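Quick notes on the structure that follows.
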Amino acid sequence: MNHATTIRTELESFIEREALSFSQLGRLAGLNAGTVSSILKGNRIMGVDQLDRMTAVLGMPKGHFYEQYIQECMVEAVPNWRRVRPFLYRCAELDKLDCIRRILPLLLDNLTYSPLLFETAEEFFAEGRRAAAALLYESVALSERRQHSERLAFCQYRLFTLRLSDNQEDNLQCALQFEPFVDRLDEIDQLDALRDLANTYRSLRRWDKVERIAEEMGRLAKIQLFTTPKPARAKREQPKKPKKPMFVYLAFSYLLRGSVCDSRNDYEQGIQYTYAYEDLSWVKETDEETLHWLKLYKGWAQANIYVSKLMRGDESVLADYVSYIEKNKDELLVGLLNITTAANLFDLNVDVILQYFDSEIKGYMQIKHQEAVGVYTKQVASEQHARFLYGVAQYYLKQGLYQVGFEYLLASLSKSSLINNETRILACVRLFEKYRVLASPETQNRYQNLLKEEEEEHEKNIGIPIGRS
Numbered sequence: 001m002n003h004a005t006t007i008r009t010e011l012e013s014f015i016e017r018e019a020l021s022f023s024q025l026g027r028l029a030g031l032n033a034g035t036v037s038s039i040l041k042g043n044r045i046m047g048v049d050q051l052d053r054m055t056a057v058l059g060m061p062k063g064h065f066y067e068q069y070i071q072e073c074m075v076e077a078v079p080n081w082r083r084v085r086p087f088l089y090r091c092a093e094l095d096k097l098d099c100i101r102r103i104l105p106l107l108l109d110n111l112t113y114s115p116l117l118f119e120t121a122e123e124f125f126a127e128g129r130r131a132a133a134a135l136l137y138e139s140v141a142l143s144e145r146r147q148h149s150e151r152l153a154f155c156q157y158r159l160f161t162l163r164l165s166d167n168q169e170d171n172l173q174c175a176l177q178f179e180p181f182v183d184r185l186d187e188i189d190q191l192d193a194l195r196d197l198a199n200t201y202r203s204l205r206r207w208d209k210v211e212r213i214a215e216e217m218g219r220l221a222k223i224q225l226f227t228t229p230k231p232a233r234a235k236r237e238q239p240k241k242p243k244k245p246m247f248v249y250l251a252f253s254y255l256l257r258g259s260v261c262d263s264r265n266d267y268e269q270g271i272q273y274t275y276a277y278e279d280l281s282w283v284k285e286t287d288e289e290t291l292h293w294l295k296l297y298k299g300w301a302q303a304n305i306y307v308s309k310l311m312r313g314d315e316s317v318l319a320d321y322v323s324y325i326e327k328n329k330d331e332l333l334v335g336l337l338n339i340t341t342a343a344n345l346f347d348l349n350v351d352v353i354l355q356y357f358d359s360e361i362k363g364y365m366q367i368k369h370q371e372a373v374g375v376y377t378k379q380v381a382s383e384q385h386a387r388f389l390y391g392v393a394q395y396y397l398k399q400g401l402y403q404v405g406f407e408y409l410l411a412s413l414s415k416s417s418l419i420n421n422e423t424r425i426l427a428c429v430r431l432f433e434k435y436r437v438l439a440s441p442e443t444q445n446r447y448q449n450l451l452k453e454e455e456e457e458h459e460k461n462i463g464i465p466i467g468r469s
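Per the UniProt record's numbering, the sequence shown starts with residue 1, numbered consecutively.
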């Protein structure tokens, strides 16, 4: 559309061309004649629903006039929330994110729009309109950046969860940016935020961060569980509830601290934390959700006792552990990872186990984008996936089964490159170079091509700033 042409002149031209009256145009658009007359005489600013109806009558695609609508009704006129909110919704529905980006700066100078934009962002978030929600959260965070408000902190929390991806380096930056805002959140939201942060750092194997966050989560959960609430707080009509039963956060803090100990090969201390979340007899609730989580933690405790023994070279627990992961499919990937890790550490023969789960393991070879598995986030499961493929490769290469070993190694390298896990990429390179002379020319070519792709992707991302509010 020519910039000098307005929506009104487009409608006037259509009326003249089709020889229509206001009443006839109104019938076509489903609007009364008075409304059409007021719009065309400039006495009324159209709402987005009226604009969409007129656009359809003119035979134009949905959203055709949105850029011009922003100019006429929000740039050249004072924005009105009764028009802005429905327009934001239509832009979100039509995925017209550029239009949303253009509107938001017009509202930033007026702090009264912050709570309204925040409420709309929350609605978009609940409806799964993630990209549109992120734009609104960024806008609110920018307008309140000097307010040190709880709303600012919650926007940063939402942006953290929305920005998590397959890229581990990006995820690290997301976590580091959000972490300073956690203690500004409501005490209940803090627990969920700490849980999400802990899972992110766990996927990055940043155990120092996991330990600190787990300690804080446990401290806050104990306050909620075992401290008598103040009278004013007790009288609050609708106290905010966490996403999980409160005891789950304390149990999860123990599980995380056990994982930290295991990462340091301190299995004696780690198993003490395992015993702590194994015995949850102090939880008195008997509702369905509570019983579900109690059963899960009981099972995880037993499995992690097996793992603790396995990681000290005790292969007598293998049969019981295999039985557990066979019955609990969500634990299969991490279970096979633990088994291959122990096999490589202590030269255990686990051929029978790998053969038993052969179809599942080959399935892992085909997965490019690992999704969340049970309680394991997408990021945690993706890191486990890359590490498992590496472990299987290491196992077979040590056994002299070079062809199959290289297949798993190249799969691990590909997966590690996809999630930008530099630590695992370097491990794959070192392992390949150790056995390079035993690789076929075809395998070496595939390896070189993967390295070339990784280098090109790395160079493409160097110096490109990631948009952050």
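A virtual CB, placed ideally from N, CA and C, is assigned to each residue, including glycine.
These figures come from a predicted structure and were not determined experimentally.
Exposed or buried, residue i, counting other C-beta atoms within 10 Å across all chains shown (16 or more means buried)?
| i | result |
| --- | --- |
| Gly270 | buried |
| Asn199 | buried |
| Tyr324 | buried |
| Tyr157 | buried |
| Ser281 | exposed |
| Gln366 | exposed |
| Asp314 | exposed |
| Asn445 | exposed |
| Asn167 | buried |
| Leu225 | exposed |
| Ala126 | exposed |
| Thr227 | exposed |
| Arg195 | buried |
| residue 536 | In the structure as shown, the chain starts at 1 and stops at 469, and residue 536 therefore has no counterpart that could be examined. |
| Lys209 | buried |
| Gln394 | buried |
By Cβ distance, which residues of its chain are closer than 8 angstroms to residue i, with the 5 residues on each side in sequence left out?
| i | result |
| --- | --- |
| Val404 | Tyr396 |
| Tyr69 | Ile7, Met46, Val48, Leu51, Phe87 |
| residue 483 | Missing from the structure shown is residue 483; the chain here goes from 1 to 469 and no further. |
| Leu97 | Cys91, Ala131, Ala132, Leu135 |
Can you check DSSP and say which residues form a bridge with residue i?
| i | result |
| --- | --- |
| Val375 | In the DSSP output, where bridge partners are listed per residue, Val375 has none listed. |
Between which residues of its own chain and residue i is the CB-CB distance below 7 angstroms, once the five residues before and five after are set aside?
| i | result |
| --- | --- |
| Leu31 | Gln50, Arg53 |
| Leu191 | Met217, Leu220, Ala221, Pro242, Tyr249 |
| Arg101 | Leu135 |
| Leu450 | Leu410, Leu413, Ser414, Ser417 |
| Gly391 | Leu337, Thr340, Thr341, Asn344 |
| Phe65 | Ile7, Leu51, Thr55 |
| Tyr28 | A small fix is needed here, since residue 28 is Leu in this sequence, not Tyr. Cβ neighbours of Leu28 beyond the five flanking positions: Val57. |
| Ala427 | Tyr390 |
| Pro79 | Leu106, Leu107 |
| Val317 | Tyr306, Lys309, Leu310 |
| Leu94 | Lys62, Gly63 |
| Phe247 | Leu225, Leu280, Val283 |
| Glu169 | Asn420 |
Taking residue i as part of the alpha helix (DSSP H), name the residues at either end of that continuous run.
| i | result |
| --- | --- |
| Thr200 | 187–203 |
| Asn304 | 288–310 |
| Ile419 | Run containing Ile419: none; DSSP gives neither H nor E here. |
| Trp81 | 81–93 |
| Asp320 | 318–327 |
| Leu135 | 130–143 |
| Glu10 | 7–18 |
| Arg44 | Here Arg44 belongs to no alpha helix (DSSP H), and DSSP marks it neither H nor E. |
| Lys96 | Segment: none, Lys96 is in no alpha helix (DSSP H) and carries neither H nor E. |
| Val248 | 246–263 |
| Ser37 | 33–40 |
| Gln177 | 168–178 |
| Gln366 | 358–366 |
Which residues in the same chain have their Cβ closer than 6 angstroms to the Cβ of residue i, if we skip the five residues on either side of it in sequence?
| i | result |
| --- | --- |
| Cys261 | Gln269, Gly270 |
| Ala251 | Tyr277, Tyr297 |
| Ala153 | Phe181, Arg184, Leu185 |
| Arg130 | Leu162 |
| Ala133 | Ala121, Phe124, Phe125 |
| Lys452 | none |
| Ser23 | Ala33 |
| Glu211 | Val260 |
Determine, for residue i, whether the minimum Cβ-Cβ distance to residues of chain B falls below 9 angstroms.
| i | result |
| --- | --- |
| Ser414 | The structure shown contains no chain B, having only a single protein chain. |
Segment contact, 8 angstroms Cβ cut-off, at least three pairs: the segment 71–80 with the segment 88–97: Segments in contact, no.
Three or more C-beta pairs below 8 angstroms linking the segment 307–320 and the segment 335–349: The segment 307–320 makes contact with the segment 335–349, as at least three CB pairs between them are under 8 angstroms.
The segment 373–393 / the segment 418–428 touching (three or more Cβ pairs under 8 angstroms): Because the criterion of three Cβ pairs below 8 angstroms is met, the segment 373–393 and the segment 418–428 touch.
Given 8 angstroms, three or more beta-carbon pairs between the segment 213–224 and the segment 254–265: Contact holds: three or more Cβ-Cβ distances are below 8 angstroms.
Contact the segment 100–116 vs the segment 127–141: 3+ CB pairs below 8 angstroms: Counting Cβ pairs under 8 angstroms, three or more are found: they touch.
Cβ contact check for the segment 344–353 and the segment 365–374: 3 or more pairs under 8 angstroms: At 8 angstroms Cβ cutoff, the stretches do not touch.
contact_flag[the segment 144–151, the segment 173–180] where n(CB pairs < 8 angstroms) is 3 or more: Contact check between the segment 144–151 and the segment 173–180: fewer than three CB pairs, one atom from each, fall below 8 angstroms, which does not count as touching.
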